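Quick note on numbering: the numbering used here labels position 130 of the sequence shown as 1213, and the sequence is numbered without any gaps.
Report on the following structure.
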Amino acid sequence: GDLVAFWMQFDDPETRIWFRRFSPDGEPLGDFQSVTTVDRRLPVALDVAVADGSLHVAWATTNFVIPGFVIIETRSFDHGTLNPLGPARLLQGILGYSELGIAGRDGGPVVATWTDFDPGGAAEVGVVGRELGPDGAASSDLFRADLGDNLSADFSDLAVDGFGNIVVVWSSAETPGFDPPRDIRAQRFLSTDDPSPRLAARNSGDMKIDR
């Protein structure tokens, strides 16, 4: 099928996220379209997922008013027409840089995750997430995607496994100090047929992948 490419534009004063459809042989189809409006926020992370005929875009931006303040947002588009299914949706505003990811499958949950620099109110770093509805709006409360028992959990990503479950992977440091030893850990979130919530019991246990 066709390809839809997304990219971040950093030309001051315009800071937008754009996309455009291309044919299988690379020919442009239609004009450039903007995910975001022109503002003074700088995009720092971007990811896209496709599920149930919709393109779900998640991104993080930092503004120039409060240094280090990052805004996590999503917006969804019809995969066939590329028409927006609604406005941009705010997921969370946090202090500190945040990488993020988004993943989903047909008939299952769409989940966005990102790094929160104070998820438990104890000056820790952790991976949090929210489930999204068809229009990109959050359909669940904020949940902790990592175990919440490490000093630092960051540099996360997520994907759908062969059974339709969401798997979140992150880097974990268990001791304080500069450049501590780190693990690569993962957690599988079981998908259910119940539309609310779509992730059963939130997780099926932590898995240490590497040392």
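A virtual CB, placed ideally from N, CA and C, is assigned to each residue, including glycine.
Fair warning: this is a prediction, and the values are worked out from it, not measured in the lab.
Report task. Would you check if there are 3 or more beta carbon pairs closer than 8 Å linking the region 1210 to 1228 to the region 1139 to 1159? Result -> yes
Query raised in the report: Three-state secondary structure (DSSP) at residue 1322?
Result: Within the shown structure, residues of the chain are numbered from 1084 to 1294, placing residue 1322 beyond reach of any answer.
**Report entry** Distance between beta carbons of residue 1244 and residue 1255, contact taken as under 8 Å
**Finding:** Not really, about 20 Å apart at Cβ, beyond 8 Å.
Query raised in the report: Are there 16 or more other CB atoms within 10 angstroms of the CB of residue 1183, so buried, or fewer, so exposed?
Result: buried
Query raised in the report: Where does residue 1168 sit, in a helix, a strand or coil, going by DSSP?
Result: coil
Query raised in the report: Going straight from the alpha carbon of residue 1270 to that of residue 1238, what length do you get?
Result: 14 Å
Query raised in the report: Can you list, in chain order, the residues of its chain whose CB lies under 7 Å from that of residue 1172, leaving out five sequence neighbours each side?
Result: 1156, 1157, 1158, 1219, 1220, 1221
Query raised in the report: In its own chain, which residues sit with a C-beta less than 8 Å from the C-beta of residue 1152, not counting the 5 before and 5 after it?
Result: 1145, 1146, 1176, 1177, 1178
**Report entry** Cβ-Cβ distance between residue 1211 and residue 1224 below 8 Å
**Finding:** no
**Report entry** Sequence-distant residues of its chain with Cβ nearer than 6 Å to residue 1134 (five each side left out)
**Finding:** 1187, 1188, 1189, 1193
**Report entry** Neighbourhood of residue 1252 by C-beta distance below 6 Å, restricted to the same chain and skipping five residues each side
**Finding:** 1240, 1269
Query raised in the report: Which same chain residues, not among the five before or five after residue 1166, have their C-beta less than 8 Å away from its C-beta?
Result: 1160
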